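Visitor: Next up is a structure, given as structure tokens.
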DNA sequence: GTCTATAGTTGGATAGAC
DNA sequence: GTCTATCCAACTATAGAC
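Protein chains in written order, with my numbering: chain A, 1 to 233; chain B, 1 to 233.
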């Protein structure tokens with residue numbers, strides 16, 4: 001799908017596909033077995049190549065999986081930042097809570113809409129990525145998400161100026177919990193009553209936004225008990 | 001703490017502690033490394049015993065970890081069911097959303113209050129338990145949670161009778177996402193802005209309940225678009 | 001750039017002494 | 001009931017031919 005020149009030699013590199021196949025297999029297996037549960041053997045077998053080829057291209061299991069995760073997650077976070085840039089530019093810095101939460105969620109759903117297959121992969125990888133205990137994964141998670149998080153928390157502080165930052169951070173964590181749990185999809189305590197997620201995608205987005213917006217607006221300790229200028233419902 | 005007779009021979013079994021040490025070590029390591037990341041060797045080393053002792057007592061890695069997880073999780077779910085029993089008995093079947101969510105959450109916090117050490121362990125184990133991809137863990141998760149979930153969903157249906165069950169199930173999943181994410185604690189995208197969870201325990205419980213109650217009340221498609229008897233705010 | 005072959009660890013589980 | 005010793009499978013990574 002995506003042509004990338006770069007390390008390619010001067011020829012047309014007729015089979016540059018090996019790296020891609022390795023990344024595809026790596027992300028697929030990581031999504032269903034996590035970091036420790038995914039072996040280089042399983043990856044290379046699924047990619048129809050050899051252990052040595054994988055180590056030639058990536059050097060180690062860690063580097064291969066990091067590359068696969070960054071490839072999938074980083075574009076989504078870039079869209080999240082672009083979305084909030086656009087929002088703040090068009091509204092002089094004050095953006096509603098709904099708009100913020102939707103801007104954070106929508107990039108994932110856009111991927112889903114553009115390509116359901118890629119959307120499914122994104123959800124599966126992101127769910128495992130959020131949950132994996134391995135230190136390498138945690139480190140990468142922090143690197144990829146810290147800037148986005150700071151950006152959205154800043155905006156949230158402007159949207160609800162009578163709340164403390166710590167308070168908003170907690171509510172935003174609640175919101176992230178909702179998102180992560182939804183991404184994990186098939187998951188959790190449901191096999192007879194509530195089968196996976198029986199809703200069209202855009203509906204779930206709206207439901208998450210309305211759920212979390214209500215939660216954010218409901219909660220929290222005001223910044224100062226006596227002098228709230230005027231922003232209290 | 002808990003005496004259990006049973007397989008013990010007729011003597012006073014002066015060192016029956018090995019099984020307990022194995023369970024303790026297993027849950028500790030599972031909490032920080034997941035199912036696949038936890039080796040029998042690491043468990044037995046932490047429990048200061050041998051591989052053979054572990055296999056003598058439990059037969060396999062799977063059986064040992066299942067026993068450790070059940071021991072920690074099952075009592076909490078029992079309390080959840082007892083709490084909803086009590087609520088429904090004292091209010092003739094109609095319980096408010098707040099009361100339901102609090103009843104679901106409180107058992108975990110009670111453990112925390114009775115023993116902060118046990119509370120910490122519960123949180124860590126439960127967080128990993130909710131997130132672990134391994135099939136054995138998923139199966140156990142379903143077995144332990146399905147009855148509790150059905151019970152709470154039934155009650156929720158009575159508390160918000162103008163909503164469909166599927167709809168309530170989705171909102172309850174959102175609520176579970178919040179809880180799981182909070183239990184995972186240290187976790188997620190925070191290292192400078194919002195350090196772990198800088199709130200007293202009971203405060204977080206209240207915050208979760210108010211967040212999710214507002215979310216549950218805000219959202220959803222009514223059961224029938226035209227004939228809503230009177231429960232629509 | 002990709003392969004086969006292999007080095008060197010570490011995994012779960014068992015045998016048999018005590 | 002607990003140990004040491006061991007089996008065998010699977011793992012990551014590398015060497016060296018092509």
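No residue lacks a Cβ here, since even glycine has one placed at the ideal position from N, Cα and C. Keep in mind it's a predicted model, so treat the numbers as computed, not measured.
Would you mind working out which of A/130, A/124 and A/173 sits nearest residue 208 of chain B, comparing C-alpha positions?
Guide: To locate residue 208 of chain B, count along the second chain from 1; it is residue 208. For residue 208 of chain B, the nearest C-alpha among the options comes from A/173.
Visitor: Can residue 185 of chain B and residue 124 of chain B be called in contact, C-beta distance under 9 Å?
Guide: For the purposes of this step, residue 185 of chain B is taken as residue 185 along the second chain, with counting starting at 1. For the purposes of this step, residue 124 of chain B is taken as residue 124 along the second chain, with counting starting at 1. Result yes, Cβ atoms of residue 185 of chain B and residue 124 of chain B sit closer than 9 Å.
Visitor: Residue 69 of chain A and residue 140 of chain A look like a contact to me (Cβ under 8 Å); what is the Cβ gap, rounded to whole Å?
Guide: Within the first chain, residue 69 of chain A is the residue found at index 69, counting from 1. Within the first chain, residue 140 of chain A is the residue found at index 140, counting from 1. Confirmed, Cβ separation roughly 6 Å.
Visitor: Please list the partners that residue 128 of chain A has in chain B, where partner means a Cβ-to-Cβ separation under 7 Å.
Guide: As a position in the first chain, residue 128 of chain A is number 128, starting the count at 1. Simply 133.
Visitor: Going by Cα to Cα distance, which pick from B/166, B/19, B/162 and B/201 is closest to residue 153 of chain B?
Guide: Sequence index remark: in the second chain, residue 153 of chain B carries index 153 (1-based). Residue B/166 is the option with its Cα nearest to residue 153 of chain B.
Visitor: Among the residues of its own chain, which have a CB less than 8 Å from the CB of residue 88 of chain B, if the five just before and after it don't count?
Guide: Translated into positions along the second chain, residue 88 of chain B becomes position 88. The residues are 95 and 155.
Visitor: With distance defined between alpha-carbon atoms, name the residue in B/104, B/32, B/133 and B/17 nearest to residue 176 of chain B.
Guide: For the purposes of this step, residue 176 of chain B is taken as the residue at position 176 of the second chain. That would be B/104, whose Cα lies nearest to the Cα of residue 176 of chain B.
Visitor: Can you tell me which of the three DSSP states residue 133 of chain B falls into?
Guide: Walking along the second chain from the start, residue 133 of chain B turns up at place 133. In this structure, residue 133 of chain B counts as coil in the three-state DSSP scheme.
Visitor: From the DSSP output, in three-state form, read off residue 95 of chain B for me.
Guide: Counted from its first residue, the second chain places residue 95 of chain B at position 95. Coil, per DSSP.
Visitor: Using CA coordinates, which residue listed in B/78, B/56 and B/33 is at the minimum distance from residue 149 of chain B?
Guide: Residue 149 of chain B sits at position 149 when you count from the first residue of the second chain. Nearest C-alpha to residue 149 of chain B: B/78.
Visitor: Is the CB of residue 212 of chain B under 9 Å away from at least one CB in chain A?
Guide: By 1-based counting over the second chain, the position of residue 212 of chain B is 212. Yes, its Cβ sits closer than 9 Å to a Cβ of chain A.
Visitor: Taking the alpha carbon of residue 20 of chain B as the point to measure from, which residue in B/72, B/38, B/161 and B/39 has its own alpha carbon closest?
Guide: By one-based count along the second chain, residue 20 of chain B stands at place 20. If we check each option's Cα against that of residue 20 of chain B, B/72 comes out closest.
Visitor: Would you tell me roughly how many angstroms separate the C-alpha atoms of residue 214 of chain B and residue 211 of chain A, rounded to the nearest one?
Guide: Taking the first residue of the second chain as position 1, residue 214 of chain B is located at position 214. Taking the first residue of the first chain as position 1, residue 211 of chain A is located at position 211. Whole-angstrom Cα-Cα distance: 7 Å.
Visitor: Output the distance between the C-alpha atoms of residue 134 of chain B and residue 33 of chain A, rounded to the nearest integer angstrom.
Guide: Walking along the second chain from the start, residue 134 of chain B turns up at place 134. Walking along the first chain from the start, residue 33 of chain A turns up at place 33. Spanning the two alpha carbons is a distance of roughly 7 Å.
Visitor: For a contact meaning CB atoms closer than 8 Å, what does residue 36 of chain B contact in chain A?
Guide: The residue you call residue 36 of chain B lines up with position 36 of the second chain. In chain order: 33, 34, 36 and 37.
Visitor: Roughly how many whole angstroms lie between the Cα atoms of residue 145 of chain B and residue 85 of chain A?
Guide: To locate residue 145 of chain B, count along the second chain from 1; it is residue 145. To locate residue 85 of chain A, count along the first chain from 1; it is residue 85. Answer to the nearest angstrom: the Cα atoms are 42 Å apart.
Visitor: Roughly how many angstroms lie between the CA atoms of residue 57 of chain A and residue 26 of chain A, to the nearest whole one?
Guide: Taking the first residue of the first chain as position 1, residue 57 of chain A is located at position 57. Taking the first residue of the first chain as position 1, residue 26 of chain A is located at position 26. If I take the Cα positions, the gap works out to 13 Å.
Visitor: Compute the distance between the beta-carbons of residue 54 of chain B and residue 44 of chain B, then report whether it is under 9 Å.
Guide: Within the second chain, the letter at position 54 stands for residue 54 of chain B. Within the second chain, the letter at position 44 stands for residue 44 of chain B. It is a contact, given that the beta carbons lie within the stated cut-off.
Visitor: With C-beta atoms as the reference, is residue 180 of chain A less than 9 Å away from residue 62 of chain A?
Guide: For this step, residue 180 of chain A is matched to residue 180 along the first chain. For this step, residue 62 of chain A is matched to residue 62 along the first chain. Taking 9 Å as the Cβ cut-off, residue 180 of chain A and residue 62 of chain A do not qualify as a contacting pair.
Visitor: When you compare the CB positions of residue 218 of chain B and residue 183 of chain B, do they come within less than 9 Å of one another, or not?
Guide: Taking the second chain and counting its residues from 1, the one referred to as residue 218 of chain B is at position 218. Taking the second chain and counting its residues from 1, the one referred to as residue 183 of chain B is at position 183. Contact: no.
Visitor: Please confirm if residue 108 of chain A has its CB atom under 9 Å from at least one CB of chain B.
Guide: Residue 108 of chain A sits at position 108 when you count from the first residue of the first chain. No, because no Cβ of chain B sits closer than 9 Å to the Cβ of residue 108 of chain A.
Visitor: Strictly under 9 Å for the Cβ-Cβ distance: is residue 208 of chain B near chain A by that measure?
Guide: If you number the second chain from 1, residue 208 of chain B lands on position 208. Chain A, which has a Cβ nearer than 9 Å to the Cβ of residue 208 of chain B, makes this yes.
Visitor: With respect to the alpha helix (DSSP H) encompassing residue 234 of chain B, which residues constitute its N-terminal and C-terminal limits?
Guide: Residue 234 of chain B is absent from the structure shown; chain B starts at 1 and stops at 233.
Visitor: Using 9 Å as the threshold, is the C-beta distance between residue 51 of chain B and residue 97 of chain B below it?
Guide: Taking the first residue of the second chain as position 1, residue 51 of chain B is located at position 51. Taking the first residue of the second chain as position 1, residue 97 of chain B is located at position 97. Contact: no.
Visitor: So, for residue 119 of chain B: in the same chain, excluding its five sequence neighbours on each side, which residues have a beta-carbon less than 7 Å away from its beta-carbon?
Guide: For the purposes of this step, residue 119 of chain B is taken as the residue at position 119 of the second chain. Closer than 7 Å at the Cβ level, and outside the excluded window around residue 119 of chain B, lie 111 and 112.
Visitor: Given a cut-off of 9 Å, decide if residue 18 of chain B and residue 47 of chain B are closer than it, judged by their beta-carbon atoms.
Guide: Mapped onto the second chain, residue 47 of chain B falls at position 47. Mapped onto the second chain, residue 18 of chain B falls at position 18. Closer than 9 Å, so yes.
Visitor: Taking the alpha helix (DSSP H) that residue 52 of chain B falls in, what are its first and last residues?
Guide: For the purposes of this step, residue 52 of chain B is taken as the residue at position 52 of the second chain. Run containing residue 52 of chain B: 51 to 58, per the alpha helix (DSSP H) assignment.
Visitor: Where does residue 152 of chain B fall in DSSP's three states?
Guide: Within the second chain, numbered from 1, the residue matching residue 152 of chain B stands at position 152. Three-state result, residue 152 of chain B: helix.
Visitor: In the region 166 to 185 of chain B, which residues sit with their C-beta less than 9 Å from some C-beta in chain A, listed in chain order?
Guide: 166, 167, 168, 169, 170, 171, 172, 173, 174, 175, 176, 177, 178, 179, 180, 181, 182 and 184
Visitor: Work out the CA separation of residue 142 of chain A and residue 131 of chain B for me, nearest whole Å.
Guide: To locate residue 131 of chain B, count along the second chain from 1; it is residue 131. To locate residue 142 of chain A, count along the first chain from 1; it is residue 142. Going from the Cα of residue 131 of chain B to the Cα of residue 142 of chain A covers about 18 Å.
Visitor: Excluding the 5 residues flanking residue 169 of chain A on each side, which residues of the same chain have their C-beta closer than 7 Å to its C-beta?
Guide: One-based indexing of the first chain puts residue 169 of chain A at position 169. Taken in chain order, the residues that qualify are 153.
Visitor: Return helix, strand or coil for residue 63 of chain A, following the three-state DSSP convention.
Guide: Working through the first chain from its first residue, we reach residue 63 of chain A at position 63. Three-state DSSP puts residue 63 of chain A in a helix.
Visitor: With a threshold of 9 Å between beta-carbons, can residue 204 of chain A be considered close to chain B, or not?
Guide: Taking the first chain and counting its residues from 1, the one referred to as residue 204 of chain A is at position 204. Answer yes: the Cβ-Cβ gap between residue 204 of chain A and chain B drops below 9 Å somewhere.
Visitor: For the region 89 to 103 of chain B, which residues have a beta carbon sitting closer than 8 Å to at least one beta carbon of chain A?
Guide: none
Visitor: Determine whether the Cβ of residue 51 of chain B lies closer than 9 Å to any Cβ atom of chain A.
Guide: Counted from its first residue, the second chain places residue 51 of chain B at position 51. No, no contact with chain A.
Visitor: Looking at C-alpha atoms only, which residue of A/129, A/220, A/24 and A/30 is the closest neighbour of residue 49 of chain A?
Guide: Within the first chain, numbered from 1, the residue matching residue 49 of chain A stands at position 49. Taking each of A/129, A/220, A/24 and A/30 in turn and checking the Cα distance to residue 49 of chain A, the smallest one comes out for A/24.
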